Amino acid sequence: MADNQIIIDADGAIFGRLCSFAAKKVLEGSEVIIVNSKKTIITGNKKNIIREYEELSKKGGHSLKGPKYSKIPHKILKRGIRGMLPDFRRGIGKQAFKRIKCYDDLPEEFKNKKTINMKEKKLKYITVEEISRLI
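Going by the numbering used here, the first residue of the sequence shown is number 13, and it counts up by one from there.
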């Protein structure tokens, strides 16, 4: 494993905290790999969270123009990280965004590597996988 490579297990991690941690590490120059991204949780009332994501997915004008919101769990997480980077279209934000990799499951190449676990216990939450299924 390279010195500047960080592998994060997102199983049970809170969405916003995971995104801000990953964005900070990527801006410092590390390569961030997030596994089990579909098991990330978003805290709060399930109905409100689903309604907000449905509104986001229905936004947009003409079919060829944006904004386009993906329904794939690892892309939802990657977009959350992108929102915490400075101007992802150019400069350091663009370079940092290229160093982020998200996977829905645990790939074979990372099975025996050390991961950072950000698991937290919460009562009211919904997983990113459920959101992607319901919207």
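Beta carbons: idealized from backbone N, C-alpha and C, even for Gly.
It should be emphasised that the depicted structure is a prediction, and the values quoted were computed from it without experimental measurement.
As assigned by DSSP and simplified to three states, the class of isoleucine 147:
Start at 1 with the first residue of the sequence shown, and residue 147 comes out as number 135. DSSP places isoleucine 147 in the coil class of the three-state scheme, outside both helix and strand.
Taking the DSSP output, what are the residues bridged to glutamate 43?
Here residue 43 refers to the residue found at position 31 when the sequence shown is read from its first residue. For glutamate 43, which the question treats as bridged, DSSP gives the partners Gln17.
Helix, strand or coil for lysine 51 per DSSP?
Taking the sequence shown and counting its residues from 1, the one referred to as residue 51 is at position 39. Note: lysine 51 maps to helix in three-state DSSP.
Assuming contact is defined by CB atoms lying nearer than 8 Å, are isoleucine 88 and valine 44 in contact in what I supplied?
Numbered from 1 along the sequence shown, position 76 holds the residue referred to as residue 88. Numbered from 1 along the sequence shown, position 32 holds the residue referred to as residue 44. Not closer than 8 Å, so no.
Could you give the distance in angstroms between the alpha-carbon of lysine 19 and the alpha-carbon of lysine 59?
Mapped onto the sequence shown, residue 19 falls at position 7. Mapped onto the sequence shown, residue 59 falls at position 47. For the sequence presented, residue 19 should be read as isoleucine rather than lysine. Lysine 59 has its alpha-carbon roughly 32 Å from the corresponding atom of isoleucine 19.
In its own chain, which residues sit with a C-beta less than 8 Å from the C-beta of aspartate 15, not counting the 5 before and 5 after it?
Here residue 15 refers to the residue found at position 3 when the sequence shown is read from its first residue. Hits under 8 Å: none found.
Where do the N-terminal and C-terminal ends of the beta strand (DSSP E) with tyrosine 137 fall, by residue?
What you label residue 137 is simply residue 125 of the sequence shown in a count that begins at 1. First-last of the beta strand (DSSP E) with tyrosine 137: 137-139.
In chain order, which continuous runs of the beta strand (DSSP E) of length 3 or greater are located wholly inside the region 55-131?
Taken in chain order, the complete beta strand (DSSP E) segments of 3 residues or longer contained in the region 55-131 are 112-114.
What's the C-alpha gap between lysine 70 and arginine 145?
In the sequence shown, counting from the first residue as 1, residue 70 sits at position 58. In the sequence shown, counting from the first residue as 1, residue 145 sits at position 133. Going from the Cα of lysine 70 to the Cα of arginine 145 covers about 15 Å.
Rounded C-beta distance between serine 49 and proline 85? I'm assuming under 8 Å.
Taking the first residue of the sequence shown as 1, we reach residue 49 at position 37. Taking the first residue of the sequence shown as 1, we reach residue 85 at position 73. Serine 49 to proline 85, Cβ: 6 Å. Contact.
Does the beta-carbon distance from lysine 51 to glutamate 141 come in below 8 Å?
Sequence index remark: in the sequence shown, residue 51 carries index 39 (1-based). Sequence index remark: in the sequence shown, residue 141 carries index 129 (1-based). Yes, the pair counts as a contact, with Cβ atoms nearer than the cut-off.
Among Gly56, Phe27 and Thr55, which residue has its Cα nearest to the Cα of isoleucine 46?
On the sequence shown, position 34 is the one that residue 46 refers to. When each option's Cα is compared against that of isoleucine 46, the closest is Phe27.
Note down, in chain order, each residue of its chain lying with its Cβ closer than 8 Å to the Cβ of lysine 83, except the 5 sequence neighbours on either side.
In the sequence shown, the residue the question calls residue 83 occupies position 71. Excluding residues within five positions, the ones whose Cβ falls inside 8 Å are Ser69, Ser144 and Ile147.
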